[in-house]
Amino acid sequence: MYDVLEIYREEFYRCIKCGSCQPVCPTYIETRDESMVARGRLALSEAVVEGRLGLTDGLMDRVSKCLSCMACSESCPTGVDVVKLLTAVRSQVVEDKGLDPISKVVLRVILKNNRLLSFTAKLMGLSVRLYNFLPSYGIFGRIIPFVRNGIKRVVPPFGGRHLRKGLPEVLKVEKPKMRVAFYTGCMTDMVYQDVGRGVISVLKKLNIEIVLPQGQVCCGAPAYYMGDRKTATELAKSNIEVFKDLKVDAIINCCATCGTMLKEVYPLLLDKDAKGVSDKTVDIQKFIADRLEIFKIRNPKSEILNPVRVTYHDPCHLKRGQGVVSAPREILKSIPGIEYVEMKDADRCCGGSGTFSLKYYDFSMAIGKYKAEKIRESGADIVATDCPSCQMQLTDILNRYGVKAKVVHTVQLLAGSLS
Ligand code: SF4
Ligand code: SF4
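Under my numbering, the residues of the sequence shown are numbered 13 to 431, in order.
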């Protein structure tokens, strides 16, 4: 018997095999393979629950190629939480077979230790510099990874000065309107520091005091989605310990995946112990959009002279994970000089999905091609989004498919517009 899967036995049976998930699943759209859609993946998993199939490599291949984009659940008439169930399958595999040695070191040693994580990011930073220096043709084009048709993957610089390093635990302002905590997440702390600086700048300009706990750790998303529930739970406990007693009005984040972990997954892992933190967790766009009046941010359409065309890509974990859809659009439309254009299928997954794009680069690029085309068709100069993983993927696919739009986090545009 499989202990983890047994917990969800009844939930697997909620799938009535209607197929409503088929037309919206990016991995099905790309492969046209029934075993690459929620219905097929769940049917295989159900066979495991019933003892008709083992935890085979074939099953794991199908399950690990799910993007966790949740598009299937959104169109599911019986409300099956597909990502939760497929993550349970991964957890069962980790329980039974253990992690491979590299994942074990990364998830169980490095992710839990901020110093080691920082050191690893610095090593990665050096590798990225070397990678960017080497030519993408000739012998190097054949031996270095992620080169396709002579084009290298665009990788952001890792391991520069950490955002949190050197900043005080409390960033004070005079007569604060509110007091919030900032959960930065690893990518904002170590890779996209400009995004974190944008969050701080916006909050300070709005006269909000910021608590920036130095003891915060990785949200646990890489561990959770790879099936290492034990590590994800330990990281969740550490973060809850750090944030639970802070006297703040909200816990702000600017990464869709981190936000979904704190808000939606921590309660799954820790039940009511997570409530205080998950209830207060809010994405920066939603936090601001809900208070546009209070912050006196208005739509200044009449001031637009030479507008920059901006479109928006919905991160799956923001739209379907946290239900945030209108907030970033309202904010973009409120910024002087922006002409907002909606792209077609703005909520279709970009194909990044964290480590998915590392493990299955060609598949990830094939899925991303559709997104790149929709951005091109929108005619936008800038694509805004709210997730570092999407930022990284969008930058790469736009470069690969020759689309000349710049990718930024929404908060960077807002920060630049506030005086
Ligand atoms: S839409 Fe829901 S019920 Fe229908 S096949 Fe997909 S997962 Fe099953
Ligand atoms: S989460 Fe996304 S990739 Fe996975 S089965 Fe559902 S729609 Fe397909």
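All residues carry an ideal CB built from backbone N, CA and C; glycine is no exception. If you're wondering where the values come from, they're calculated on a predicted model, not measured in any experiment.
Asked: Which of helix, strand or coil DSSP assigns to Phe170; Found: coil
Asked: Any non-hydrogen atom of ligand 2 within 7 Å of Ala432 CB; Found: Summary: the structure shown does not reach residue 432, with the chain confined to residues 13 through 431, and so no result is reported for it.
Asked: Touching by the beta-carbon criterion (3+ pairs, under 8 Å), the stretch 284-293 and the stretch 242-253; Found: yes
Asked: Inter-residue CB distance, Tyr195 and Leu274 (contact presumed, cutoff 8 Å); Found: 6 Å
Asked: Burial state of Ile155 (16 or more Cβ within 10 Å); Found: exposed
Asked: Beta-carbon proximity of Ser87 to Ser47, cut-off 8 Å; Found: no
Asked: According to DSSP, residues forming a beta bridge with Ile220; Found: Met190
Asked: Beta-carbon proximity of Thr323 to Ile263, cut-off 8 Å; Found: no
Asked: Arg53 CB to nearest heavy atom of ligand 2 below 7 Å; Found: yes
Asked: Backbone CA spacing between Glu315 and Arg303 [nearest angstrom]; Found: Because Glu315 carries a pLDDT of 49, less than 50, the predicted location of this residue cannot be relied on, and the following value inherits that uncertainty. Whole-angstrom Cα-Cα distance: 22 Å.
Asked: Distance cut-off 7 Å: Cys266 Cβ against heavy atoms of ligand 1; Found: no
Asked: Environment of Leu135 [buried if 16+ CB atoms lie within 10 Å]; Found: exposed
Asked: C-beta atoms of Met13 and Cys328 nearer than 8 Å; Found: no
Asked: is_contact[Glu389, chain C] using C-beta, thresh 8 Å; Found: The displayed structure is made up of one protein chain only, and chain C is not part of it.
Asked: Cβ neighbours of Gln463 in the same chain (closer than 7 Å, five flanking residues each side left out); Found: There is simply no residue 463 to check, as the chain begins at 13 and stops at 431 in what is shown.
Asked: Range of the contiguous alpha helix (DSSP H) that encloses His329; Found: Cys328 to Gln334
Asked: Exposure of Pro89, with buried meaning 16 or more beta-carbon neighbours within 10 Å; Found: exposed
Asked: Bridge-paired residues (DSSP) for Ala396; Found: Tyr324 and Val420
Asked: Between the CA atoms of Val61 and Gly172 - distance to the nearest angstrom; Found: 46 Å
Asked: Residue environment, Arg176, which counts as buried when at least 16 other CB atoms sit within 10 Å; Found: buried
Asked: Reference Lys292, options Ala301, Asn265, Glu305 and Leu280, closest by Cα; Found: Asn265
Asked: Contacts around Val415, its chain only, beta-carbon distance under 7 Å, and the 5 residues preceding and following it disregarded; Found: Ala384, Ile387 and Arg388
Asked: Contact the stretch 176-194 vs the stretch 218-232: 3+ CB pairs below 8 Å; Found: yes
Asked: Any non-hydrogen atom of ligand 1 closer than 7 Å to Gly31 Cβ; Found: yes
Asked: Alpha-carbon to alpha-carbon, Gly333 and Lys371; Found: 23 Å
Asked: Meets three-Cβ-pair contact criterion under 8 Å: the stretch 140-148 and the stretch 160-172; Found: yes
Asked: Under 8 Å between C-beta atoms of Leu79 and Ser429; Found: no
Asked: Separation of Lys418 from Met238, as counted between CA atoms; Found: 31 Å
Asked: 8 Å Cβ cutoff met for Leu224 and Leu183; Found: yes
Asked: Rounded separation between Glu354 and Ser390 - CA only; Found: 7 Å
Asked: Helix, strand or coil at Ser314 [DSSP, three-state]; Found: Reliability fails at Ser314, whose pLDDT of 43 lies under 50, so the model's placement of it is uncertain and no value is given.
Asked: Nonlocal neighbours in the same chain, by C-beta distance under 8 Å from Asp15, ignoring five residues either side; Found: Gln104 and Glu107
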